[in-house]
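Structure first, commentary second.
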Amino acid sequence: MSLWGGRFTGAPSQALAALSVSTHVDWRLARYDIAGSRAHARALAAVGLLDASQLAAMIASLDSLEHDVVSGAFTPAPEDEDVHTALERGLIERAGQDLGGRLRAGRSRNDQIATLIRMYLRDAARRTAGLVLDVVDALVSQASGAGAAIMPGRTHLQHAQPVLLAHHLLAHAWPLMRDVERMIDWDARAAVSPYGSGALAGNTLGLDPDAVAAELGFEAAVDNSIDGTAARDVVAEMSFILAMTAVDLSRLSEEVIIWGTKEFGFITLDDAYSTGSSIMPQKKNPDVAELARGKAGRLIGDLAGLLATLKGLPLAYDRDLQEDKEPVFDALDTLAVLLPAVAGMVDTMTLHRERMAELAPQGFSLATDVAEWLVKKGVAFRAAHEIAGACVKACEERGMELWELSDAEMVAIDPRLGPGVRDVLSAEGSVAARDGRGGTAPVRVLEQLARAGTHVAEL
Ligand code: ARG
410 MSLWGGRFTG APSQALAALS VSTHVDWRLA RYDIAGSRAH ARALAAVGLL
460 DASQLAAMIA SLDSLEHDVV SGAFTPAPED EDVHTALERG LIERAGQDLG
510 GRLRAGRSRN DQIATLIRMY LRDAARRTAG LVLDVVDALV SQASGAGAAI
560 MPGRTHLQHA QPVLLAHHLL AHAWPLMRDV ERMIDWDARA AVSPYGSGAL
610 AGNTLGLDPD AVAAELGFEA AVDNSIDGTA ARDVVAEMSF ILAMTAVDLS
660 RLSEEVIIWG TKEFGFITLD DAYSTGSSIM PQKKNPDVAE LARGKAGRLI
710 GDLAGLLATL KGLPLAYDRD LQEDKEPVFD ALDTLAVLLP AVAGMVDTMT
760 LHRERMAELA PQGFSLATDV AEWLVKKGVA FRAAHEIAGA CVKACEERGM
810 ELWELSDAEM VAIDPRLGPG VRDVLSAEGS VAARDGRGGT APVRVLEQLA
860 RAGTHVAEL
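Just so you know, the sequence shown maps onto residues 410 to 868 in the numbering used here.
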């Protein structure tokens, strides 16, 4: 049963019907549609378009419809174009042609769908944020278990300066906390209801959009009915936040993959979060991390596809807008399976601190410490950099590490390189010296860990 047969003499072609149908995508909005219908029925009653007994019968029919939707007794029929069409059929089956046919007054699928997608995304964002915080919890708990363990810090994937393992793990937690903050900030913009905008110009029936907005949990109704029905930036913004979350997971995952190699040997994944090979009996693969890395590409595609749909689209509603739902649902569904797997992987991985500690001072990662020690002795940094560089060169030629240079060798490189420099020629000395706010010194990281724990609890 279609919602728009009146001015047509013939039925839609099979080809059009097959193209047009969207219930396989939008049926997940059914309960939000019914909630919108209840609020709309009350708005109609408030202006006398439904009397008290009609309103009661309408609400009872909507309740019964919702019950059957939830139980699966009522499902879309092949001829139902979209979720709204299917539910109007279900309402009429319960309330009868006359009463059931009254609910559509003063609303359009254009303001309905723009409202429902916001309701759905607001709930989904809360669920997703909870799952992101589970990953943050796992990182914070590993960081807190890591104590003062030291690892090689890298830039360009080359040894750079030693850092605390906890510091590095928390460097993956903060971006994920910001992703959750973005979801919270986004909600303020999503909490505005387009219901009452009608097809595009508003409604003639004196309906109160603010009352509908309040009943549906929104903060307000939209200020502009054209914008209310045409805008999808709220969907695009959520798609970006979801894609950014996936990208953040992919950066963590890439490190998990590298850390698990024989060459690094920094971690061992728990068997429950590893996979085997069908041919190579010895294999233990980091598939969770690889899927996270791979699926980030998929979420970027979801965002790019939606932006491409919106680009250049004239106001107000165009049917192109129906294409907003599949990509953002895909992004949400993908994260719903990905986040628990990543949380479990992080929570259960074993970190090999001895291996990290052994490598931390290697590769001349203490050269900056030598230069900065000289600076504290009054040497200009430009000269200090040269002197420390000369130490590295000497070590490289002799196949040794910086701390293996004798006092005499150091003084030969530069007389200002006294034996005191040995205080900073250890990974422990190096991290302890970086004690400014945000630095990797154990005292600072301990404070940071406490702040991260407090912040995650506030989100
Ligand atoms: N199924 C449509 C969508 O998801 C609902 C709005 C349809 N409106 C219309 N005039 N055809 O966007």
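The beta-carbon is built from N, C-alpha and C at its ideal position, and this holds for glycine as well. As the structure is a computational prediction, the values presented were derived from the model and not from experiment.
Span of the beta strand (DSSP E), counted from its first residue to its last, around residue i
{"i": "T564", "result": "559-564"}
{"i": "H761", "result": "Run containing H761: none; DSSP gives neither H nor E here."}
Limits of the alpha helix (DSSP H) - the one that residue i falls within
{"i": "Q570", "result": "Careful: Q570 lies outside any alpha helix (DSSP H), inside the beta strand (DSSP E) at 567-573."}
{"i": "V697", "result": "696-719"}
{"i": "R451", "result": "439-455"}
{"i": "I666", "result": "642-668"}
{"i": "L530", "result": "518-555"}
{"i": "I501", "result": "492-504"}
{"i": "F738", "result": "734-757"}
{"i": "M467", "result": "461-480"}
{"i": "S839", "result": "836-842"}
{"i": "G862", "result": "851-867"}
{"i": "S429", "result": "423-429"}
{"i": "T418", "result": "It is not in any alpha helix (DSSP H) - T418 carries neither H nor E in the DSSP assignment."}
{"i": "D679", "result": "No alpha helix (DSSP H) contains D679, which DSSP labels as neither H nor E."}
{"i": "D435", "result": "432-435"}
Inter-residue Cα distance where the pair is residue i and residue j
{"i": "E735", "j": "V434", "result": "6 Å"}
{"i": "G718", "j": "M758", "result": "In the sequence on display, residue 718 carries Thr and not Gly. Straight-line Cα distance between these residues: approximately 41 Å."}
{"i": "I709", "j": "F738", "result": "13 Å"}
{"i": "G787", "j": "A776", "result": "17 Å"}
{"i": "G838", "j": "V656", "result": "34 Å"}
{"i": "T670", "j": "R563", "result": "16 Å"}
{"i": "R660", "j": "A610", "result": "46 Å"}
{"i": "G706", "j": "L716", "result": "15 Å"}
{"i": "L438", "j": "Y529", "result": "7 Å"}
{"i": "N694", "j": "V544", "result": "20 Å"}
{"i": "E497", "j": "A466", "result": "15 Å"}
{"i": "L712", "j": "F649", "result": "6 Å"}
{"i": "Q463", "j": "G615", "result": "19 Å"}
{"i": "W436", "j": "T484", "result": "9 Å"}
{"i": "G505", "j": "Y726", "result": "30 Å"}
{"i": "R447", "j": "I468", "result": "6 Å"}
{"i": "W812", "j": "M754", "result": "37 Å"}
{"i": "R762", "j": "A836", "result": "13 Å"}
{"i": "S662", "j": "A557", "result": "23 Å"}
{"i": "E664", "j": "A652", "result": "19 Å"}
Buried or exposed by the 16-neighbour rule on C-beta atoms within 10 Å, applied to residue i
{"i": "D729", "result": "exposed"}
{"i": "H476", "result": "exposed"}
{"i": "I688", "result": "exposed"}
{"i": "L724", "result": "exposed"}
{"i": "L425", "result": "exposed"}
{"i": "A630", "result": "buried"}
{"i": "V456", "result": "exposed"}
{"i": "E805", "result": "exposed"}
{"i": "R416", "result": "exposed"}
{"i": "G445", "result": "buried"}
{"i": "D588", "result": "buried"}
{"i": "D680", "result": "exposed"}
{"i": "A534", "result": "buried"}
{"i": "M809", "result": "exposed"}
{"i": "W413", "result": "exposed"}
{"i": "T654", "result": "buried"}
{"i": "A780", "result": "buried"}
{"i": "D733", "result": "buried"}
{"i": "A555", "result": "buried"}
{"i": "R598", "result": "exposed"}
{"i": "T494", "result": "buried"}
Contact test: residue i Cβ vs the ligand ADP heavy atom, cutoff 8 Å
{"i": "D711", "result": "The model depicted lacks the ligand ADP and carries the ligand ARG instead."}
Mind pulling the alpha helix (DSSP H) runs of 4 or more residues that sit fully within the stretch 786-834? Counting only runs that start and end inside the stretch 786-834, the alpha helix (DSSP H) elements of at least 4 residues fall at 790-807, 816-822.
Take every Cβ of the stretch 530-539, pair it with every Cβ of the stretch 591-600, and state whether three or more of those distances are shorter than 8 Å. yes
Contact the stretch 415-433 vs the stretch 480-492: 3+ CB pairs below 8 Å: yes
Determine, using beta-carbon pairs with one atom in the stretch 693-703 and one in the stretch 738-752, whether at least three such pairs fall under 8 Å. With a cut-off of 8 Å on Cβ pairs, the stretch 693-703 is in contact with the stretch 738-752, counting three or more such pairs.
Cβ contact (3+ pairs, closer than 8 Å) linking the stretch 765-778 and the stretch 568-578: Contact between the stretch 765-778 and the stretch 568-578 is present, because at least three Cβ pairs lie under 8 Å.
The stretch 450-457 / the stretch 613-631 touching (three or more Cβ pairs under 8 Å): yes
Decide if the stretch 773-792 is in contact with the stretch 816-831; the criterion is three or more beta carbon pairs, one per stretch, under 8 Å apart. yes
Contact between the stretch 634-645 and the stretch 595-609 is defined here as three or more beta-carbon pairs at a separation below 8 Å; is this criterion met? yes
Check whether the stretch 641-658 touches the stretch 515-535, taking contact to mean three or more Cβ pairs, one atom from each stretch, closer than 8 Å. Yes, since at least three Cβ pairs between the stretch 641-658 and the stretch 515-535 fall closer than 8 Å, the two stretches touch.
Contact the stretch 508-518 vs the stretch 546-558: 3+ CB pairs below 8 Å: no
What residue ranges within the stretch 599-644 form continuous alpha helix (DSSP H) runs of no fewer than 4 residues, ordered along the chain? 618-624, 634-639
Quick check: the stretch 797-814 against the stretch 841-848, are at least 3 beta-carbon pairs closer than 8 Å? no
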